[in-house]
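The next block holds one structure in the form of structure tokens; read it before the comments.
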Amino acid sequence: MKKNLLMWDETLFRDPEVFEIDYVPEQFNHRETQMRELAFQIQPGLRGGRPLNSICRGLPGTGKTTSVRKLFAEIEETTKKLIPIYINCQIDNTKFAIFSQIYRKLSGHLPPASGTSFKQVFDAIARLLQKEETVLLICLDDANYLLYENEMNRVLYSLLRSHEAYPGTRIGVIMIISDMDVDLSRAVDARVSSVFRPSEIYFPPYSGEEVRTIMRERVMQGLYPGCLSDSMFDLVVEQTQKSGDLRVGIDLVKRAALNAERRASRNIDREDICRAYDVSKYLHLSSSVKSLKEEEKSVLRSLAGQSMKDSEMNAGEVYKTVKETLPIGYTRFYEIVKKLDAMRLINLEYRDGRGRTRVISLRYDPSRIIEDLG
Ligand SMILES: Nc1ncnc2c1ncn2[C@@H]1O[C@H](COP(=O)(O)OP(=O)(O)O)[C@@H](O)[C@H]1O
Ligand SMILES: [Mg+2]
Numbered sequence: 032m033k034k035n036l037l038m039w040d041e042t043l044f045r046d047p048e049v050f051e052i053d054y055v056p057e058q059f060n061h062r063e064t065q066m067r068e069l070a071f072q073i074q075p076g077l078r079g080g081r082p083l084n085s086i087c088r089g090l091p092g093t094g095k096t097t098s099v100r101k102l103f104a105e106i107e108e109t110t111k112k113l114i115p116i117y118i119n120c121q122i123d124n125t126k127f128a129i130f131s132q133i134y135r136k137l138s139g140h141l142p143p144a145s146g147t148s149f150k151q152v153f154d155a156i157a158r159l160l161q162k163e164e165t166v167l168l169i170c171l172d173d174a175n176y177l178l179y180e181n182e183m184n185r186v187l188y189s190l191l192r193s194h195e196a197y198p199g200t201r202i203g204v205i206m207i208i209s210d211m212d213v214d215l216s217r218a219v220d221a222r223v224s225s226v227f228r229p230s231e232i233y234f235p236p237y238s239g240e241e242v243r244t245i246m247r248e249r250v251m252q253g254l255y256p257g258c259l260s261d262s263m264f265d266l267v268v269e270q271t272q273k274s275g276d277l278r279v280g281i282d283l284v285k286r287a288a289l290n291a292e293r294r295a296s297r298n299i300d301r302e303d304i305c306r307a308y309d310v311s312k313y314l315h316l317s318s319s320v321k322s323l324k325e326e327e328k329s330v331l332r333s334l335a336g337q338s339m340k341d342s343e344m345n346a347g348e349v350y351k352t353v354k355e356t357l358p359i360g361y362t363r364f365y366e367i368v369k370k371l372d373a374m375r376l377i378n379l380e381y382r383d384g385r386g387r388t389r390v391i392s393l394r395y396d397p398s399r400i401i402e403d404l405g
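Okay, so the sequence shown: first residue is 32 according to the working numbering, each after it adds one.
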């Protein structure tokens, strides 16, 4: 038996969990300032008052979600009076869906799927809060998804003015935004901005050295010693920095180790890493595509198909083709196109020509998009 071959029941993973997307690491450094600011903002909530509202803003992979998850875990260990509720707006992005999740967290079950009005759900939530005298702290993660659906104002209005309809209810909001271009002062209307005056907490990108330290910790925790040599670790760090997103780096280690296992090797080599990177670098694309609704997927599929013939497409022309297979009006079509642009899947540009034309191009290889659409 060759020494560097894995036996069939052996593995390179000491703990595969640490490479999962929702894993909350024990060790969490470099974000002390942001954690302290968040803790300050929520303090009134610990004394029965309304927590101050916050916005956490920073590029993907800068530790925003993890910071809030850590804070929420601490709150849950400390008190029953302040109830933190985490909402992933990529998944729940309508007012009704969000309040259903809040109701579920408070009561232990979802409201009946059909025949329940928003008001009934809200009434039930308010009754629970008033009876238990509890305060709510809602995290709206990836809240930019509420903008594409025009739900932002409706959600914030209901949450932040709840005390008007239901005296005694107290709700604070932490909003997470990964899109540096989103201008909330323009997105939020006057009725909301009069009650929503958030402090903004900025999450800067990690430095090269910080990325290296974080990746080092994760590898030591997740893999057995010796399977990733120093030079291969350097390569992983380099690729992570190139992608600009820690999530890509963490996914990359997982896939590289799986590739080595498939070869029954105890050592991850360059080829394992390069092949893994070809998949991991599309992490953003895959997770964005997964979050789309069927109608949106159809439009994207059609765009990808057409861009194989012509990489720059005129929005009006594209619509004519989409309409042949999908019965939607131009307004809805254009809303979807704007959403895909905001999600960084496509580019939407205005060109001066005969009138103002709108030109669409894809940000990814069309065949790759079609593959992800399944
Ligand atoms: N300071 C840190 N220490 C350890 N792991 C981190 C740190 N910051 C981020 N991570 C890891 O990087 C990944 C992305 O972090 P996340 O909180 O999801 O970022 P964001 O929400 O800003 O996109 C997660 O797997 C997380 O565990
Ligand atoms: Mg996040």
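We put the CB at the ideal spot given by N, CA and C, even for glycine. All values derive from a computational prediction rather than experimental measurement.
As assigned by DSSP and simplified to three states, the class of residue i
i: Val262; result: Residue 262 is actually Ser in this sequence, not Val. Helix at Ser262.
i: Met32; result: For Met32, the predicted structure reports a pLDDT of 45, less than 50, and the residue's modelled location is therefore unreliable. A value from the coordinates is still provided. Note: Met32 maps to coil in three-state DSSP.
i: Ile232; result: strand
i: Ser20; result: Any answer about residue 20 is impossible in this case: the structure gives the chain only from 32 up to 405.
i: Val226; result: coil
i: Ile398; result: Looking at the sequence provided, one finds Ser at residue 398 rather than Ile. Helix, per DSSP.
i: Ile377; result: strand
i: Asp191; result: According to the sequence displayed, residue 191 carries Leu and not Asp. It is helical.
i: Cys392; result: Note on identity: in this sequence residue 392 is Ser, with Cys being the wrong assignment. Looking at Ser392 - three-state DSSP - the assignment turns out to be strand.
i: Gly405; result: coil
i: Val219; result: coil
i: Asp309; result: helix
i: Tyr350; result: helix
i: Val213; result: coil
i: Ile245; result: helix
i: Tyr197; result: coil
i: Leu357; result: coil
Residues sharing a beta bridge with residue i, DSSP
i: Gly275; result: Beta-bridge pairing links Gly275 to no other residue.
i: Asp383; result: Arg387
i: Leu254; result: Phe44
i: Val204; result: Ile169
i: Ser296; result: Leu36
Best match in the options for proximity to residue i [C-alpha to C-alpha]
i: Ile133; options: Tyr176, Cys87 and Gly203; result: Gly203
i: Ala307; options: Lys285, Arg297 and Ser319; result: Lys285
i: Ser85; options: Phe130, Leu168, Thr200 and Arg45; result: Leu168
i: Ile400; options: Lys351, Gly360 and Leu316; result: Leu316
i: Lys101; options: Tyr117, Leu90 and Lys112; result: Tyr117
i: Lys440; options: Arg363, Ile114 and Lys312; result: Outside the shown range of the chain, which is 32 to 405, sits residue 440, and nothing can be said about it.
i: Asp46; options: Val353, Arg249 and Lys321; result: Arg249
i: Asn184; options: Val166, Ile205, Ala218 and Tyr197; result: Ala218
i: Thr340; options: Ser98, Ser392, Asn298 and Asp261; result: The sequence shown places Lys at residue 340, rather than the Thr named in the question. The option with the nearest alpha carbon to Lys340 is Ser392.
i: Leu69; options: Ser148, Ser230 and Ala174; result: Ser230
i: Glu326; options: Tyr365, Gly275 and Leu314; result: Tyr365
i: Gly89; options: Ser260, Val242, Asp276 and Leu159; result: Asp276
i: Asp383; options: Ser193, Asn345 and Thr356; result: Asn345
i: Ala128; options: Gly280, Gln74 and Val152; result: Val152
Residue i Cβ short of 7 angstroms to ligand 2 heavy atom set
i: Asp276; result: no
i: Ile207; result: yes
i: Asp53; result: no
i: Lys95; result: yes
i: Asp173; result: yes
Residue i beta carbon near ligand 4 (any heavy atom closer than 7 angstroms)
i: Asp220; result: Absence of ligand 4 from the depicted structure is noted, with ligand 1 and ligand 2 being the only ligands included.
Residue i beta carbon near ligand 1 (any heavy atom closer than 7 angstroms)
i: Phe153; result: no
i: Phe234; result: yes
i: Asn119; result: no
i: Pro47; result: no
i: His61; result: yes
i: Pro91; result: yes
i: Ile281; result: yes
i: Pro56; result: yes
i: Ile86; result: no
i: Ile245; result: yes
Sequence ranges, beta strand (DSSP E) only - wholly within the segment 100-142, length at least 3: 113-119
Uninterrupted beta strand (DSSP E) stretches inside the segment 141-184 (no shorter than 3 residues): 166-172
Complete runs of the beta strand (DSSP E) confined to the segment 36-98 [at least 3 residues]: 85-88
Unbroken stretches of the alpha helix (DSSP H), 4 residues or longer, contained in the segment 317-348: 325-338
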